[in-house]
Amino acid sequence: MGKKNQSKYCYMCGAPATSKEHVSPACLFPEKKDIKTSIFRNNLITVPSCELHNSKKSKDDEFLMACMSGIVGGNIIGFFHAHTKVRRAMERSGKDFVNVFMRDYRPAIIKSGQGKEFPVLVGRAHFDRLHSCFQHIAHGLYFHKFGKQFEGECRILLDFLTYENEKMETYKMLCRKRIELEPKKPKKEGLNPEIFRYEFMDPDEQGIIALIMTFYEGAKVFVAFQGKDCKPYFNLAGMLIESGVKMVINFPDGSHFEFN
Numbered sequence: 001m002g003k004k005n006q007s008k009y010c011y012m013c014g015a016p017a018t019s020k021e022h023v024s025p026a027c028l029f030p031e032k033k034d035i036k037t038s039i040f041r042n043n044l045i046t047v048p049s050c051e052l053h054n055s056k057k058s059k060d061d062e063f064l065m066a067c068m069s070g071i072v073g074g075n076i077i078g079f080f081h082a083h084t085k086v087r088r089a090m091e092r093s094g095k096d097f098v099n100v101f102m103r104d105y106r107p108a109i110i111k112s113g114q115g116k117e118f119p120v121l122v123g124r125a126h127f128d129r130l131h132s133c134f135q136h137i138a139h140g141l142y143f144h145k146f147g148k149q150f151e152g153e154c155r156i157l158l159d160f161l162t163y164e165n166e167k168m169e170t171y172k173m174l175c176r177k178r179i180e181l182e183p184k185k186p187k188k189e190g191l192n193p194e195i196f197r198y199e200f201m202d203p204d205e206q207g208i209i210a211l212i213m214t215f216y217e218g219a220k221v222f223v224a225f226q227g228k229d230c231k232p233y234f235n236l237a238g239m240l241i242e243s244g245v246k247m248v249i250n251f252p253d254g255s256h257f258e259f260n
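Everything in the sequence shown is counted per full-length UniProt numbering, starting at 1 for the first residue and increasing by one.
See below:
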């Protein structure tokens, strides 16, 4: 199907498109009234969308904005966004707004590398809802990059959060190390990199495509697209890890990751 015809169908489900969806959501990008410039809202990516995967997920977009803008490790733009647009959303919704994006939260103090102290909230993220938000962004970027809807399995790891499951946390750290040591660095894309940028890696020998998304220059999300036409493969190490067998994976720089 050509790109002209593709523009008639939703990036996510293939239903007839009724509008355009921003990828990432437009609410992540600061408005002129908050930072006195509109440069961060120029050249935003859009993809064709049905009503379900655009206007009906506006609450999820607001949830993602609240989660990402004030994330520890983000830049000053995210900090200002958290104290302007997100603060207004919090004032509209009342004190229960925090419960929308965090459970069992408590106030804490963290120190920067220079010794400065910052008040933060520490709690448990709504992983399923975050995963859904990032699934939509990943599918939108795939459509924008390749001009077609992705069909297959899309796996996601959140680098900016700590997983309670020890095995998942080790997988995350392993993925981070593999990307760090990748000899062929992917091209950084996105015309507003202070807010959002992304990097597609070349398909591996099985046809799996990796994607790295970065928000506010600090929060990374790792994505693996395993298309329906990917070659079947036998992953002995993965099978042994899942079955509970102790495994140690070593890297050339001397680092290692232990499972089970």
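In this text, a Cβ means the ideal position worked out from N, Cα and C, and glycines have one as well.
{"Item": "Can you give me the C-alpha to C-alpha distance between L141 and V221, rounded to a whole angstrom?", "Value": "13 Å"}
{"Item": "Compute the beta-carbon to beta-carbon distance between C67 and L28, rounded to the nearest angstrom, for a pair I have assumed lies under 8 Å.", "Value": "Contact doesn't hold; Cβ gap of about 10 Å is too wide."}
{"Item": "Whose C-beta lies closer than 8 Å to the C-beta of G74 among residues of the same chain, with five residues either side of it excluded?", "Value": "M68, F215, Y216, E217, G218, A219"}
{"Item": "Can you list, in chain order, the residues of its chain with a C-beta nearer than 6 Å to that of Q226? Leave out the 5 residues immediately preceding and following it.", "Value": "G152, E153, I208"}
{"Item": "Quick one: complete alpha helix (DSSP H) runs, 4+ long, within the segment 3-50?", "Value": "3-6, 32-35"}
{"Item": "Mind checking V86: buried by the 16 CB within 10 Å criterion, or exposed?", "Value": "buried"}
{"Item": "Is the beta carbon of D34 less than 8 Å from the beta carbon of F80?", "Value": "yes"}
{"Item": "Label S58 either buried or exposed according to how many other C-beta atoms from any shown protein chain fall within 10 Å of its C-beta, with 16 as the threshold for buried.", "Value": "exposed"}
{"Item": "Can you give the Cα-Cα distance for S7 and V120, rounded to whole angstroms?", "Value": "43 Å"}
{"Item": "Kindly list the residues whose CB is nearer than 6 Å to the CB of I249, restricted to its own chain and excluding five residues on each side of it in sequence; keep chain order.", "Value": "F257"}
{"Item": "Between M1 and the rest of its own chain, which residues show a CB-CB distance below 6 Å, the 5 nearest in sequence each way excluded?", "Value": "For M1, the predicted structure reports a pLDDT of 47, less than 50, and the residue's modelled location is therefore unreliable. A value from the coordinates is still provided. Answer for M1: no residue qualifies."}
{"Item": "Find out if the Cβ-Cβ distance for the pair Y11, S49 is shorter than 8 Å.", "Value": "yes"}
{"Item": "Report the CB separation of E62 from A89 in whole angstroms; it is logged as a contact under 8 Å.", "Value": "6 Å"}
{"Item": "Specify, as a first and last residue, the run of the alpha helix (DSSP H) that L181 falls within.", "Value": "No alpha helix (DSSP H) contains L181, which DSSP labels as neither H nor E."}
{"Item": "Which first and last residues belong to the beta strand (DSSP E) in which N54 is found?", "Value": "That residue, N54, is in no beta strand (DSSP E); it is neither H nor E in DSSP."}
{"Item": "Rounded to whole angstroms, how far is the Cβ of L157 from the Cβ of Y171, which I believe are closer than 8 Å?", "Value": "7 Å"}
{"Item": "Between the C-alpha atoms of H83 and G147, what's the straight-line distance to the nearest angstrom?", "Value": "37 Å"}
{"Item": "Since Y105 is in the beta strand (DSSP E), which residue starts that stretch and which ends it?", "Value": "102-111"}
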